[in-house]
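Right, one structure below, let's go through it.
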Amino acid sequence: MPVKEDLTPRTNGHAASNGFLSPLTIPDGIIPDISRSPSPMGLIPLHTRYRNFIHRHEIPRKLLHVSIGFLTLHLYSRGIQPLQITPWLFTALVPIATTDIIRHRSETVNKLYIRCVGALMRETEVSGYNGVIWYLLGAYTVLRFFPKDVGVMGVLLLSWCDTAASTFGRLYGRYTFSLRKGKSFAGTLSAWLVGVCTAAAFWGYFVPHIGSFPNDPEGSFMFTGRLNLIPACVKNLIGWPADSSTGVVTGPLALGVMSVVSGVVAAGSEFLDLFGWDDNLTIPVLSGIGLWGFLKVFG
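Counting from 1419, one number per residue, gives the positions in the sequence shown under my numbering.
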């Protein structure tokens, strides 16, 4: 008589998985080390009640992510310059990073930290570093070292394109092909589309509508509604005058080209895995480099 195979999952003394990232039941006599749980959901009452929806779609985290873009536009409309913002970003970065270092050296602090801000954390951040650190560092870098319009666009692309890629990648990524591990065509396409719309809205409406400010630094705007699709160095190489209008596009056509390029830059920076660094750092920095480089050559 054949022996019936034991299909009971081997849990090595731990509670069997219930389909979520934290167990609903705990074996008698075992005290869970919640701070090392792969997910902070067990500590957050909101996650306990709406655990599947909240955790899968990261609602609080994405709302915060998206709101930063609107806050950036609000500050821009008030005439607040990037170099007035960067000291505040650095001031926030220091205590947040310090707290993160401390919590990884103290179980008590780690438990309290997760209990307070766990709703905004990913499970990888329980034992890793908080994404807010990289978000602040990325925003600081792009606003501090790039021209005003490029810096603001870097923050907007981080705020909206990254969120779009994550949201639509999770929703529809299973129906499209994978570009690499963790990156689907659906997510990358949505990042590109949102990047195009963001650039068109920012340079096509927001900047002209708000206008310039008396305290704008010199060279604040790299894109001024004009693109030279044949760089001056190439014109010199083929014997054309550098000030020739050949290859120059202006108005809606220039805005369209700039928007498409911004979408490509956004999708590319979201897609690339740079040494395993957090995308909250790489997206704004790579976007800033991409936009700055394009406008340096063709602007």
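C-beta: ideal position from N, C-alpha, C; glycine also.
Secondary structure at S1495: helix, using DSSP grouped into helix, strand and coil. Assigned with DSSP and collapsed to three states, S1705 falls in helix.
Annotated three-state conformation of L1692 is coil, per DSSP. Spatial neighbours of N1698 in its own chain (CB-CB distance under 6 Å, excluding positions within 5 residues in sequence) are listed in chain order as G1549, W1552, Y1553, G1556. By the criterion of a C-beta distance shorter than 6 Å, R1562 is surrounded in its chain by T1504, once the five residues flanking it on both sides are discounted. In the pairwise beta carbon analysis, the segment 1572 to 1590 is classified as touching the segment 1601 to 1613: at least three pairs are separated by under 8 Å.
About 5 Å separates the beta carbons of P1649 and V1715, which is inside the 8 Å limit, making them a contact pair. Just measuring C-alpha positions, the residue of H1483, V1568, Y1623, C1615 sitting nearest L1713 is V1568. Of the candidates L1645, L1597, F1564, T1516, the residue whose Cα lies closest to the Cα of M1676 is L1645. In the three-state reduction of the DSSP assignment, T1668 falls in the strand class, which pools E and B. Here G1487 is not near G1572, since their CB atoms are 8 Å or more apart. Scanning S1584, G1546, V1484 for the CA closest to the CA of G1694 turns up G1546. Taking 8 Å as the cut-off, the beta carbon of F1641 is found closer than this to the beta carbon of G1717.
Under the DSSP definition of a beta bridge, R1562 lacks any partner.
Going by beta carbons, L1574 and T1490 fall inside the 8 Å limit. Considering only T1700, V1535, K1653, the residue with the shortest C-alpha distance to E1476 is V1535. Residue environment: H1483 is assigned as buried (16 or more neighbouring CB atoms within 10 Å of its CB, all protein chains considered). A residue is called buried when at least 16 other Cβ atoms come within 10 angstroms of its Cβ; Y1531 meets this threshold and is buried. Taking a cut-off of 8 Å for Cβ pairs, the segment 1614 to 1629 and the segment 1679 to 1693 touch, as three or more such pairs fall below it. Following the DSSP letters along the chain, one finds S1584 in no beta strand (DSSP E) but inside the alpha helix (DSSP H) bounded by residues 1580 to 1590. In the three-state reduction of the DSSP assignment, L1597 falls in the strand class, which pools E and B. The Cβ neighbour count for N1528, taken over all protein chains shown within 10 Å, is at least 16; the residue is labelled buried. In the structure shown, R1644 adopts extended strand secondary structure according to DSSP, grouped into three states.
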